[in-house]
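Written out below as structure tokens is the structure these notes cover.
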Amino acid sequence: MFNVVDHPLIKHKLTIMRNKDTGPKEFRELLREITFLLAYEATRNVETIEIDVETPLERTKGYAIEDKKMVVVPILRAGLGMVDSILELMPNASVGHIGVYRDPETLRPVQYYCKLPKIEEKSVVFLLDPMLATGFSAVHAVNILKQHGAKNIVLVCLIAAPKGVEALQTHHPDVHVYAAALDRQLNDHGYILPGLGDAGDRLYRTK
Ligand code: URA
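With the first letter of the sequence shown counted as 1, position 168 gets the number 168 in the UniProt record's numbering; the numbers rise by one all the way through.
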């Protein structure tokens, strides 16, 4: 299931991120803020348990999410820019990392790192990658997560391209995807158009 989270704040902030003149500090802050807003929707189906709570006046029923069952997995390196927002909302979530780079010739994912916490049947895994371009990296990361037992995976991204959405829906139709925007297409190098350029380079000023 693919969802564009349509909200004026998200559109406004994403437009500033797209601007080539926006510097790394503002870019990082905006990615953090948009992820926060996306997380509101991406966590909508997270289960709650009923708990008792003592207000200053009386005892009542309340709700708790079991954030110890949540797993956050950024795809390195651009996904790192989204981790802190999710952890602010669910501070007890575990964090894993999957390192994948794109072979510039084939655009296929090459994995160079993988460290994951224990994933249980009931875990909800939030996979983070700002750019869903060809979808190769996301499909690869989901394969790994499923091999580690993940049954409930939510991909949170900033900008998706139709090709990436199609790839994910073909290979992993059970994965829920939340994005801030669906852009037009990819260029010959696998970059999203109009996009925002290379998210990792803009976060970490490596170009
Ligand atoms: N990764 C990026 O950082 N940008 C794109 O446009 C596509 C993939």
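Built from N, CA and C at the ideal position, the CB exists for glycine as well.
Would you check if the distance between the CB atom of residue i and the CB atom of residue j is smaller than 8 Å?
i: residue 130; j: residue 82; result: yes
i: residue 48; j: residue 156; result: no
i: residue 132; j: residue 110; result: no
i: residue 169; j: residue 2; result: yes
i: residue 175; j: residue 42; result: no
i: residue 181; j: residue 14; result: yes
i: residue 98; j: residue 65; result: no
i: residue 116; j: residue 96; result: yes
Which two residues bound the contiguous beta strand (DSSP E) that contains residue i?
i: residue 97; result: 97-102
i: residue 176; result: 176-182
i: residue 154; result: 152-160
i: residue 74; result: 70-76
Tell me, which residues are paired with residue i by DSSP?
i: residue 54; result: 59
i: residue 147; result: Looking at the DSSP assignment, residue 147 forms no beta bridge with any residue, so it has no partner.
i: residue 115; result: 97
i: residue 3; result: 178
i: residue 128; result: 74, 156
i: residue 226; result: This structure cannot speak to residue 226, because the chain is shown only from 1 to 207.
Where does the unbroken alpha helix (DSSP H) through residue i begin, and where does it stop?
i: residue 86; result: 83-89
i: residue 37; result: 24-42
i: residue 203; result: 199-204
i: residue 9; result: 8-18
My assumption, with CB atoms under 8 Å, is that residue i sits in contact with residue j. Please give the rounded CB distance.
i: residue 149; j: residue 119; result: 5 Å
i: residue 204; j: residue 38; result: That belief does not hold up - the Cβ atoms of residue 204 and residue 38 are roughly 21 Å apart, past 8 Å.
i: residue 206; j: residue 163; result: 25 Å between Cβ atoms; not a contact.
Segment contact, 8 Å Cβ cut-off, at least three pairs: the segment 18-33 with the segment 186-198: A contact exists between the segment 18-33 and the segment 186-198.
The segment 138-153 contacting the segment 113-127, beta-carbon criterion three pairs below 8 Å: Counting Cβ pairs under 8 Å, three or more are found: they touch.
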